[in-house]
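Novice: Attaching a single structure in structure tokens format; questions to follow.
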Amino acid sequence: MKNGPLFLLGLFLSAVVAWSAIVLGAHAQLGALTPWFDEGEGSSFPPRPTGLAARGQLVYADLGCASCHTQQVRRPDFGSDKERGWGDRQSVARDYLFQIRPQIGAARVGPDLANFGGRKPQAPSADAVLGLLHSGSERHPAYPFLFETRAIAGEPSSRALKLSGVSAPASGHEVVPTERAQTLVAYLLNLNSTYDYPEAKPLVKAPAKQEGKK
Amino acid sequence: MTSPSIQAAPSPGDAIDRHARGPLLTAIGLAIAWLVLSGVFSLIAAIQLHSPAFLSGCEFLTHGRVRALAESAFIYGWAGGSGIAVTVWILGRLGGNSLRAMNWFGAGNAFWNLGIAAGLVGIATGDMTSFSFLQLPRYVQPLLVFASATMGIAGLLAWSGRRRDGTFASQWYGIAGLVLFPWALTAAQISQLWVPLRGVLQAVGAAWYVDAVVFLWLAPLALASAYYLLPKLNRGVLPSYEAAPLAFWLLVVAGTWGAGRHLIGGPVPAWIPTMAVVGFSLLLYHFSVVGLNLRGAFRAEGAEAGALKFGVGAYVVFGVVAFLGCFRSIALRTQFTHFASATDLLFLYGVVSMLFFAAIYFVLPQLTGRPWFSSSLTSGHLAGVKVGIALSIFALAVAGLSQGSMLLNPKVGFGEIASGVRTYLLVNTAAQLVLLASNLLLLVNFWRSACTCCGGAEKAEGSVS
Amino acid sequence: MSSSKDPNPVQASTRASDDSLQADHEKVLGKQPDEKGNYRLLPLNLLFLLSAAILFAGTYLGRFSGYFHPKVYDEYGHPPKAGAAAATAAVDPLVLGKNVYAQVCAACHQPTGMGLPPAFPPLAGSEWVAGSEERVIRILLHGLQGPIKVKGVDYIGAMPAVGPGSGYNLNPEKVAAVLTFVRKEWAGIDTPVSAAKVSEIRGKDGSRQPITVAELEKLP
């Protein structure tokens with residue numbers, strides 16, 4: 000370690016090689032990934048998110064929703080993701096192809112949202128999501144700042160939330176979602192990646208397989 | 000008891016860095032202030048975990064943002080600020096010359112703290128990047144690169160202009176930390192924020208950066224302190240020291256190979272999580288050798304030694320836990336749970352914070368020429384943080400394991416999971432409160448010891464006799 | 000300040016000086032007096048640890064690397080074989096045919112296949128649909144002009160060509176698929192029409208004027 004320039008070079012190379020191998024290596028493999036065109040459906044997957052949904056992802060990112068929600072479904076034999084109805088197959092790189100800032104998340108204080116718009120038997124309604132965002136619940140924070148409480152001028156707005164009880168506004172007032180809330184909900188209900196890419200097909204494993212640790 | 004006059008006598012090395020006193024003490028003081036602020040945010044975040052309605056009406060303190068605020072203030076404000084300052088001091092001492100370029104250091108530190116402040120305001124107002132450990136908005140990131148590089152110059156010059164021919168472990172780790180961070184931050188910024196990679200590759204880059212912060216920046220800075228402090232306290236040669244160079248190089252080379260441990264089961268090709276096991280297998284040597292080298296901490300005496308013991312022990316435990324967490328069968332139960340947070344805290348609080356506390360307790364009297372203002376504040380702080388850290392990590396770990404097994408059972412809904420872990424999260428909140436209170440003690444102690452304004456330091460001299 | 004826990008118990012002057020600290024440690028790393036070579040071996044147990052770690056890492060990598068292939072997400076998986084992509088991409092002709100029918104044919108022949116007499120003949124129950132492949136493929140490839148009798152009703156044929164080279168430019172696979180669909184749906188014929196046959200006929204006939212019933216009846 001006595002030779003200064005050599006030491007610094009060694010440091011630089013060690014870190015560069017590691018970064019190149021992992022980040023640039025993955026980029027070399029997945030950076031040029033294209034959508035998959037399905038002849039039967041006559042369209043390519045994944046579809047580009049709508050403009051509203053794409054902006055909604057930025058609202059999701061700046062509120063830090065990823066600190067409690069993931070958006071990555073694990074394969075059926077690795078965890079209970081499929082049984083919980085979060086997705087029938089593992090999330091693959093193609094699912095995030097057109098997302099500006101994929102929010103795959105690292106914690107499941109709340110459920111996974113990768114296929115929120117495709118939940119069975121039916122996707123949550125926009126009203127239900129807006130209600131949850133406005134009032135919260137005993138295990139989900141409220142985001143009242145995403146809404147505007149205003150006096151009803153003439154006709155009540157068609158976008159006004161139907162609230163009751165403690166969270167209902169004063170009489171003569173209505174609670175209307177702001178544009179941020181609307182884009183966020185559009186994003187959430189747009190989240191649905193169910194197309195069966197070839198690389199997402201689950202492996203057929205031989206019955207007598209070793210445990211994965213060693 | 001040693002008489003105060005001997006205590007106050009300057010050690011041979013003091014003359015070297017007396018002129019560096021201002022910039023270094025300012026840096027450390029500001030870092031401690033960031034620590035306290037991050038403690039406030041951590042407390043709010045901890046409360047919101049079990050009581051989501053807490054402060055939820057305030058847009059600036061919504062849970063996601065508060066977590067990002069706590070994390071950024073801690074990593075960059077506290078760990079970065081104090082780590083770089085302490086490392087520069089150590090490099091100066093080991094170099095044997097008066098510290099040069101301290102004006103650069105001071106300017107760099109000013110920009111560092113301004114950047115962090117601006118960044119935190121940015122996070123609160125909605126510009127957070129959503130990448131772990133890289134949450135500061137992108138418009139402050141280049142400033143941080145510039146500031147950290149500028150601060151590092153003083154350390155680099157102290158090392159390159161050193162009197163002795165050989166180098167000591169603290170110098171290797173110190174230089175590695177100072178040099179690799181600006182580069183790693185630049186690489187991460189470019190691949191995540193300025194010319195973002197496509198799709199899931201952003202997640203790969205983000206995972207790499209998390210491990211770069213841990214293994215290429217904070218761990219080297221923390222180890223630089225540990226390797227310097229222990230022989231100072233024990234007056235001996237570190238055992239098994241001949242194994243240390245290889246341990247150093249393994250950390251630098253293989254440190255970030257473990258990035259895939261954050262992506263187990265994720266939408267990335269299987270080789271990425273597999274490389275994490277490979278990387279951590281090599282790192283086992285590193286953790287073993289560091290444990291062997293620094294095992295003397297467990298028989299050393301004194302306040303710094305107490306913090307050192309905790310830090311060294313936590314580092315070895317962290318190595319083992321992180322290694323185990325790379326295996327998919329274990330990740331199945333711990334991934335996405337509070338256990339992952341506990342592992343992070345084991346490193347950030349248990350290793351980095353404690354080793355920097357030890358360093359600060361050692362460095363300040365050397366810089367000021369006076370002992371700490373109050374030994375009861377010192378012992379109170381150290382006892383408090385040890386209790387707080389241990390309690391927080393334990394509570395989150397147990398909560399995480401419980402949460403993990405409940406998540407695996409598809410019949411258990413999230414309401415049940417939340418009520419199942421509520422008790423542990425309450426304990427965690429209590430632990431965060433203890434941590435905040437203890438760090439406030441440090442802040443007060445530091446202010447009284449270091450600041451000559453407001454009669455703080457004079458009072459200390461007066462009370463000593 | 001006389002609490003028992005003194006923050007600096009070791010007197011500054013008795014602490015190891017920086018110089019002696021470095022000297023002592025450099026001696027450990029430097030050449031020892033009894034060494035002849037330039038390298039020092041690691042202590043044996045650490046060497047064993049490192050070797051074991053490398054062995055373990057290598058074995059694990061060998062088993063679970065997924066061959067470093069970008070399409071292998073399961074650590075137990077293997078890279079897909081070359082032809083596998085094409086095989087898995089094979090589309091069910093009935094699904095494809097149904098889509099093509101809806102996009103191209105339903106406008107005139109109606110989604111129910113009943114057609115719109117007197118302009119568009121029905122496909123349901125039509126003897127031409129149930130009839131020979133050779134004829135019906137040519138109707139799609141070339142279009143049909145002139146009078147045609149379907150289910151006892153006269154129509155003036157004005158069917159456009161839909162195959163390759165036409166305005167719709169459906170590839171042979173799609174032509175075959177739509178025919179398979181129509182024949183199964185409204186004539187109950189399970190045997191699919193093959194794309195190869197369509198290509199063969201296209202190759203034989205080339206691009207030509209819309210076919211007439213007289214020419215069709217000459218075909219088997």
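Residue numbers (numbering that gives the first Met the number 0), protein chains in the order written: chain A, 0 to 213; chain B, 0 to 464; chain C, 0 to 219.
Note that CB positions come from ideal geometry on N, CA and C, so glycine has one too.
Remember, it's a predicted structure, so these values are computed and weren't measured experimentally.
Determine, for Q431/B, whether the minimum Cβ-Cβ distance to residues of chain A falls below 8 Å.
Specialist: Indexing the second sequence from 1 puts residue 431/B at position 432. So no, Q431/B is outside the interface.
Novice: Determine the closest residue to L390/B out of Y360/B, T428/B, V212/B and L135/B, with distance taken between C-alpha atoms.
Specialist: Locating residue 390/B in the second sequence gives position 391, counting from the first residue. Comparing Cα positions, the closest option is T428/B.
Novice: Measure from the alpha carbon of L115/C to the alpha carbon of each residue in V174/C, N98/C, G156/C and G61/C, then state which is nearest.
Specialist: In the third sequence, counting from the first residue as 1, residue 115/C sits at position 116. With distances taken between Cα atoms, L115/C lies closest to G156/C.
Novice: Ignore the nearest five residues each way along the sequence and tell me which others in Y226/B's own chain have a CB closer than 6 Å to its CB.
Specialist: As a first step, residue 226/B is located in the second sequence; it is residue number 227 there, counting from the start. Correct list, in chain order: A168 and S169.
Novice: Assess, as a yes-or-no matter, whether the region 230–243 of chain B is touched by the region 203–218 of chain B under the definition of 3 or more beta carbon pairs within less than 8 Å.
Specialist: no
Novice: Return the residue from the list S19/A, L188/A and A159/A that minimises the CA-CA distance to A122/A.
Specialist: Here residue 122/A refers to the residue found at position 123 when the first sequence is read from its first residue. Selected option, being the one with the closest Cα: L188/A.
Novice: Quick check: A341/B and A258/B, are their CB atoms within less than 8 Å of each other?
Specialist: Here residue 341/B refers to the residue found at position 342 of the second sequence. Here residue 258/B refers to the residue found at position 259 of the second sequence. Result no, Cβ atoms of A341/B and A258/B do not sit closer than 8 Å.
Novice: Could you compute how far the alpha carbon of S13/A sits from the alpha carbon of L129/A?
Specialist: The residue you call residue 13/A lines up with position 14 of the first sequence. The residue you call residue 129/A lines up with position 130 of the first sequence. Straight-line Cα distance between these residues: approximately 49 Å.
Novice: Looking only at C-alpha atoms, which of K173/C, R182/C and C104/C sits nearest to S131/C?
Specialist: Your numbering for residue 131/C matches position 132 in the third sequence. Ranking the options by Cα distance to S131/C, first place goes to R182/C.
Novice: Could you tell me which chain B residues have their CB closer than 7 Å to the CB of H68/C, listed as they occur along the chain?
Specialist: Here residue 68/C corresponds to residue number 69 of the third sequence, with the count starting at 1. Residues of chain B passing the Cβ test: P268.
Novice: Please return the same chain residues whose Cβ sits closer than 8 Å to the Cβ of A60/A, not counting the five positions on each side in sequence.
Specialist: Reading the first sequence from its first residue, position 61 is the one you call residue 60/A. Hits under 8 Å: R100 and Q102.
Novice: Does any C-beta atom of chain B lie closer than 8 Å to the C-beta of E173/A?
Specialist: As a first step, residue 173/A is located in the first sequence; it is residue number 174 there, counting from the start. Chain B contact via Cβ: absent.
Novice: Relative to the C-alpha of A167/A, which residue among R149/A, V22/A, Q71/A and E178/A is closest?
Specialist: Position 168 of the first sequence, counting from 1, holds the residue named residue 167/A. The option with the nearest alpha carbon to A167/A is R149/A.
Novice: Within 8 Å of any Cβ in chain B, is that where the Cβ of H77/C sits?
Specialist: The residue you call residue 77/C lines up with position 78 of the third sequence. Any Cβ of chain B closer than 8 Å to the Cβ of H77/C would place that residue at the interface, and such an atom is absent.
Novice: Taking 6 Å as the limit between beta carbons, can you name the residues of its chain near A30/B, skipping five residues before and five after?
Specialist: What you label residue 30/B is simply residue 31 of the second sequence in a count that begins at 1. Listed in chain order, the non-local C-beta contacts of A30/B below 6 Å within the same chain comprise W77, G80 and S81, local neighbours out to five positions each way being set aside.
Novice: Please tell me whether E38/A and V90/C are closer than 8 Å, where the distance is taken between their beta carbons.
Specialist: As a position in the first sequence, residue 38/A is number 39, starting the count at 1. As a position in the third sequence, residue 90/C is number 91, starting the count at 1. Yes; because the gap between Cβ atoms is below 8 Å, this pair is in contact.
Novice: Do L143/C and M158/C have their beta-carbon atoms positioned less than 8 Å apart in this structure?
Specialist: Residue 158/C sits at position 159 when you count from the first residue of the third sequence. Residue 143/C sits at position 144 when you count from the first residue of the third sequence. Result yes, Cβ atoms of M158/C and L143/C sit closer than 8 Å.
Novice: Using the C-alpha atoms, what's the distance from G412/B back to A89/A?
Specialist: Locating residue 89/A in the first sequence gives position 90, counting from the first residue. Locating residue 412/B in the second sequence gives position 413, counting from the first residue. Going by the sequence as given, residue 89/A is Gln instead of Ala. Whole-angstrom Cα-Cα distance: 21 Å.
Novice: Got a sec: is the Cβ-Cβ distance from V94/C to anything in chain A below 8 Å?
Specialist: Taking the third sequence and counting its residues from 1, the one referred to as residue 94/C is at position 95. Chain A, which has a Cβ nearer than 8 Å to the Cβ of V94/C, makes this yes.
Novice: Taking only runs of the alpha helix (DSSP H) that begin and end inside the region 206–288 of chain B, which ones reach a length of at least 4 residues, in chain order?
Specialist: 218–233 and 243–253
Novice: For chain B, check one thing: does any of its Cβ atoms lie closer than 8 Å to the Cβ of P101/A?
Specialist: Counting from one through the first sequence, the residue named residue 101/A turns up at place 102. Yes, P101/A lies at the interface with chain B (some Cβ there is under 8 Å from its Cβ).
Novice: Going by Cα to Cα distance, which pick from V277/B, L442/B and F322/B is closest to F286/B?
Specialist: As a working mapping, residue 286/B is identified with position 287 in the second sequence. Of the listed residues, the one whose Cα sits closest to F286/B is F322/B.
Novice: Could you give the first and the last residue of the continuous alpha helix (DSSP H) run that contains I359/B?
Specialist: Position 360 of the second sequence, counted from the start, is the residue given in the question as residue 359/B. I359/B -> alpha helix (DSSP H) spans M353 to T367.
Novice: I need the straight-line Cα distance from R207/C to E82/A, nearest angstrom please.
Specialist: Taking the third sequence and counting its residues from 1, one reaches residue 207/C at position 208. Taking the first sequence and counting its residues from 1, one reaches residue 82/A at position 83. Distance between the alpha carbons of R207/C and E82/A: 57 Å.
Novice: Step through the CB atoms of chain A and report whether any lies within less than 8 Å of the CB of V139/B.
Specialist: The sequence position of residue 139/B within the second sequence is 140, counting from 1. By this cut-off, V139/B is not an interface position.
Novice: Give the DSSP-derived three-state secondary structure of R100/A in the structure shown.
Specialist: Within the first sequence, numbered from 1, the residue matching residue 100/A stands at position 101. It is coil, neither helix nor strand.
Novice: Going along chain C in order, which residues have a C-beta closer than 8 Å to the C-beta of V91/A?
Specialist: Taking the first sequence and counting its residues from 1, one reaches residue 91/A at position 92. Y72, listed in chain order.
Novice: Any idea if G361/B is buried or exposed, counting beta-carbon neighbours within 10 angstroms, 16 or more meaning buried?
Specialist: Against the second sequence, residue 361/B aligns to sequence position 362. In the sequence as presented, Gly is not what sits at residue 361/B; that position holds Phe. The residue in question, F361/B, is buried, as its Cβ has 16 or more Cβ neighbours within 10 Å.
Novice: Report the rounded CA-to-CA distance for A153/B versus G160/B, giving the unit in angstroms.
Specialist: Reading the second sequence from its first residue, position 154 is the one you call residue 153/B. Reading the second sequence from its first residue, position 161 is the one you call residue 160/B. Rounded to whole angstroms, A153/B to G160/B spans 11 Å at the Cα level.
Novice: Could you round the C-beta distance between S41/B and Q431/B to whole angstroms and report it? I think they count as a contact, below 8 Å.
Specialist: Taking the first residue of the second sequence as 1, we reach residue 41/B at position 42. Taking the first residue of the second sequence as 1, we reach residue 431/B at position 432. With a Cβ gap of about 5 Å, S41/B and Q431/B count as contacting.
Novice: Residues in the same chain with beta-carbon distance under 7 Å from A44/B, minus the five sequence neighbours each way, listed in chain order, please.
Specialist: Residue numbering aside, residue 44/B sits at position 45 when the second sequence is read from its first letter. Result list for A44/B: H62, V65, R66 and A69, in chain order.
Novice: Just how far apart, CA to CA, sit A152/A and Q56/A?
Specialist: Position 153 of the first sequence holds residue 152/A. Position 57 of the first sequence holds residue 56/A. Approximately 32 Å between the Cα atoms of the pair.
Novice: Between L29/A, Q28/A and S43/A, which has its C-alpha nearest W35/A's C-alpha?
Specialist: As a first step, residue 35/A is located in the first sequence; it is residue number 36 there, counting from the start. Comparing Cα-Cα distances from W35/A to each of L29/A, Q28/A and S43/A, the minimum goes to S43/A.
Novice: For L143/C, which three-state DSSP category applies?
Specialist: Within the third sequence, the letter at position 144 stands for residue 143/C. Here L143/C sits in strand by DSSP.
Novice: Can you give me the Cβ contacts of L196/B inside the same chain, cut-off strictly under 7 Å, excluding the 5 residues immediately before and after it?
Specialist: The count along the second sequence starts at 1 and reaches residue 196/B at position 197. Excluding sequence positions up to five before and after L196/B, its CB lies within less than 7 Å of the CB of S190 and G204, all in the same chain and listed in chain order.
Novice: Where F175/B and L10/A are concerned, what is the direct C-alpha to C-alpha distance, given to the nearest angstrom?
Specialist: Within the second sequence, the letter at position 176 stands for residue 175/B. Within the first sequence, the letter at position 11 stands for residue 10/A. Note that residue 175/B corresponds to Ala in the displayed sequence, not to Phe. Cα to Cα, the separation comes out at about 7 Å.
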